[in-house]
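Here is the structure we will look at, set down as structure tokens.
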Amino acid sequence: MRGAFEPRLDEILEFCAREPVERVFLEDIARRGLGRFAALGGRDGLTALCHLGANIVPSGRGCAAFAGEAVHGSARMVIGEERAVGELWQAAAARMPPPRDDRPGQPVYVLDEPPEAGGTGLRPATGDDFDLLLPACAAAHREEIGIDPLERDPEGFRWRTRAQIDEGRSWLWEEDGTILFKAEASAWTPSAIQLQQVWVDPAVRNRGHAKRGLRDLCRLLLERVPIVTLFVRPENAPAIRVYDGIGMRRTICYRSLVF
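Going by my numbering, the sequence shown opens with residue 1126, and the numbers climb by one from there.
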């Protein structure tokens, strides 16, 4: 097997097709022609793949081989399947700053059967929703990552929030300017959609809105793809109750290193 190399798109897609849930982000980024990849492989195809950007995302066997690339980048996060992240981090840790947060054991949930209807006003976000969604997305990011993106990278975060709306990757249920439920797609392939930033305005939490909104969103998305997936911090008990409550199943675990 040769050393790390830049893979072709067809090689990436074949690799991702073997584990479409775990590798949904890698496939989405590759299909959209974004970011940079390094890979390992032989005559039978790729054995490991790593996205190299603001997020370093390894997958497969032998991910320690990507440590050099990770060290020379300026990653804000290393994230992916727990074992792959562990291999890379063990090889790179001595040459990288210590992470601000290390989150192993993040369960990855999947759903492939439509749940009961939630009876909500869920709809795709539009450009008119931008001013309502921007602070909500920032609050969701702050709750999840512990960083206010409007302080760290205000223009970049505003651009990403608007892009999610424009690309049809943002949904919300709001009444009188209050967000009862919202979520975005962080990755979207023919095989799966990965959700992120599932959020309810704190003023209206603990009223069942999250469960109802997520049921309706999953029903909508399962008309387009076979699987809806997301992952969550293991200590986020309220979110886990929602995901368990609509019938999502736990599969693998992710690990995130946040810098």
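Note that beta-carbon positions come from the ideal geometry of N, C-alpha and C, so glycine has one too.
The structure presented is a predicted model; accordingly, all values stated were derived computationally and were not measured.
Assign residue i to one of two classes, buried (16 or more other C-beta atoms within 10 Å of its C-beta) or exposed (fewer than that).
i	result
GLY1293	exposed
PRO1183	buried
PRO1223	exposed
HIS1266	buried
PHE1130	exposed
ASP1169	exposed
GLU1206	buried
ASP1256	exposed
ALA1263	buried
MET1126	Reliability of the predicted coordinates at MET1126 is poor, the pLDDT of 47 falling under 50, and no value is obtained from them.
ASP1291	exposed
PRO1327	exposed
ALA1261	buried
ALA1312	buried
GLU1280	exposed
PRO1274	buried
LEU1247	buried
ALA1242	exposed
Determine the extent of the alpha helix (DSSP H) in which residue i is found, giving its start and end residues.
i	result
VAL1149	1149-1156
ILE1270	1255-1270
ARG1285	1279-1291
PHE1140	1134-1143
LEU1213	1207-1217
GLY1338	1334-1346
GLY1193	1192-1196
Closest to residue i by CA distance: which of the options is it?
i	options	result
LYS1307	LEU1259, GLY1281, TRP1284 and ARG1283	LEU1259
ARG1374	ILE1272, PRO1240 and ALA1310	PRO1240
ALA1218	ALA1192, HIS1266 and PHE1356	ALA1192
SER1381	ASP1369, ALA1173 and ARG1358	ARG1358
VAL1210	SER1199, HIS1197 and ALA1190	ALA1190
VAL1323	TRP1313, THR1314 and ALA1335	ALA1335
VAL1325	ARG1285, TRP1298, MET1221 and ARG1248	TRP1298
VAL1146	ASN1361, GLN1321, LEU1346 and THR1314	THR1314
ILE1371	VAL1383, LEU1346 and ARG1340	ARG1340
PHE1356	THR1376, GLY1338 and CYS1343	THR1376
ILE1272	PHE1384, THR1245 and TRP1284	PHE1384
ARG1090	LEU1159, PRO1229 and ALA1179	With the chain covering 1126 to 1384 only, the question about residue 1090 has no answer from this structure.
Along the beta strand (DSSP E) that carries residue i, what are the first and last residues, could you check?
i	result
LEU1236	1226-1236
VAL1353	1352-1356
PRO1183	1180-1185
ILE1365	Premise fails: ILE1365 lies in the alpha helix (DSSP H), 1362-1370, not in any beta strand (DSSP E).
THR1303	1303-1313
PHE1162	1161-1167
SER1381	1374-1383
GLY1252	Element bounds for GLY1252: n/a, residue is neither H nor E.
VAL1245	Per the sequence shown, residue 1245 should be read as Thr rather than Val. Premise fails: THR1245 is in no beta strand (DSSP E) and is neither H nor E.
ALA1328	Per DSSP, ALA1328 belongs to no beta strand (DSSP E) and is neither H nor E.
SER1295	1295-1300
Would you report the Cα separation of residue i and residue j, rounded to the nearest angstrom?
i	j	result
ILE1318	PRO1351	9 Å
GLN1231	CYS1378	5 Å
GLU1144	VAL1203	19 Å
ASP1237	ARG1161	31 Å
GLY1252	TRP1296	12 Å
PHE1140	VAL1367	32 Å
CYS1175	LEU1138	13 Å
GLY1187	ASP1278	33 Å
GLU1194	ALA1155	18 Å
ASP1227	ALA1216	16 Å
ASN1331	ARG1349	30 Å
PHE1150	ARG1157	11 Å
ALA1310	SER1316	13 Å
LEU1165	ASP1135	14 Å
GLU1302	ALA1250	According to the sequence provided, residue 1302 is Gly. The question's Glu does not apply to it. Spanning the two alpha carbons is a distance of roughly 13 Å.
LEU1305	PRO1363	15 Å
LEU1213	ALA1163	13 Å
ARG1225	ARG1133	34 Å
HIS1197	ARG1344	42 Å
VAL1329	GLU1300	11 Å
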